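K.L.:
Per the working numbering, residue 26 is the first one in the sequence shown, and the count goes up by one each step.
Ideal Cβ placement from N, Cα and C applies to all residues, glycine included.
The model shown is predicted, which means the values in this text are computed figures rather than measured ones.
Handing you this structure, nothing more for now.
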Amino acid sequence: AASLEANPYATKKQRREAEVTALLEKLNPETITLDVSVIGTVDRSPGERMAEMKASKDAAEAERKANRKERKKARGRSKSAKRLARKSANINDERREKMRAAMAKRTQDRERAKRGDEPIDALDRFSAAPTVGNP
26 AASLEANPYA
36 TKKQRREAEV
46 TALLEKLNPE
56 TITLDVSVIG
66 TVDRSPGERM
76 AEMKASKDAA
86 EAERKANRKE
96 RKKARGRSKS
106 AKRLARKSAN
116 INDERREKMR
126 AAMAKRTQDR
136 ERAKRGDEPI
146 DALDRFSAAP
156 TVGNP
């Protein structure tokens with residue numbers, strides 16, 4: 026009868042164990058079954074489990090970032106319009122390619138002039154330079 030009384034000095038772990046045993050005593054013994062496939066197996070190390078959980082968490086976070094919509098911010102470098110402009114600035118378009126070709130041609134002409142491959146005429150500086158963009 027003394028074992029049925031609550032221990033006022035019981036630790037948290039002891040109280041939890043007492044609660045589990047009390048709940049198990051309420052159940053019929055026929056309803057308690059054990060999974061035979063789990064009984065003989067060895068539990069994986071916590072490190073493996075943690076690595077697996079971290080990998081799944083990282084994958085879920087990457088998917089969430091990919092599906093996130095652009096937020097409309099009011100100021101600063103993080104404006105969604107500026108962000109899109111920066112992204113589109115990385116795309117090489119036709120106009121840029123023409124600009125690069127013209128710049129490369131100019132640098133080649135300068136190098137050729139420095140080396141002295143072609144005679145430099147005083148009026149060369151006034152020749153029509155190819156304009157890029159607006160004709």
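Under 7 Å Cβ to Cβ from residue 60, same chain only, skipping five residues before and after it: list those, please.
P.N.:
Contacts found: none.
K.L.:
Could you compute how far the alpha carbon of residue 39 sits from the alpha carbon of residue 67?
P.N.:
Using only the alpha carbons, I get a separation of about 27 Å.
K.L.:
When DSSP labels each residue in this structure, what does residue 152 get in the three-state scheme?
P.N.:
Residue 152 falls in the coil class under three-state DSSP.
K.L.:
Quick one: what does DSSP say residue 61 is sitting in, helix, strand or coil?
P.N.:
Reduced to three states, the DSSP call for residue 61 is helix.
K.L.:
DSSP three-state label for residue 67, please.
P.N.:
Looking at residue 67 - three-state DSSP - the assignment turns out to be coil, as it is neither helix nor strand.
K.L.:
Which first and last residues belong to the alpha helix (DSSP H) in which residue 37 is found?
P.N.:
Counting along the chain, the alpha helix (DSSP H) containing residue 37 begins and ends at 37 to 51.
K.L.:
Going straight from the alpha carbon of residue 76 to that of residue 34, what length do you get?
P.N.:
Roughly 39 Å separates the two Cα atoms.
K.L.:
Taking just the CA atoms, how far does residue 132 sit from residue 160?
P.N.:
Confidence at residue 160 is low in this model, with a pLDDT of 48, below 50, so the placement of that residue should be treated as unreliable; the coordinate-derived value is given next. If you take the alpha carbons of residue 160 and residue 132, they lie about 22 Å apart.
K.L.:
Could you check the C-alpha separation between residue 92 and residue 74 for me, to the nearest Å?
P.N.:
Distance between the alpha carbons of residue 92 and residue 74 is about 27 Å.
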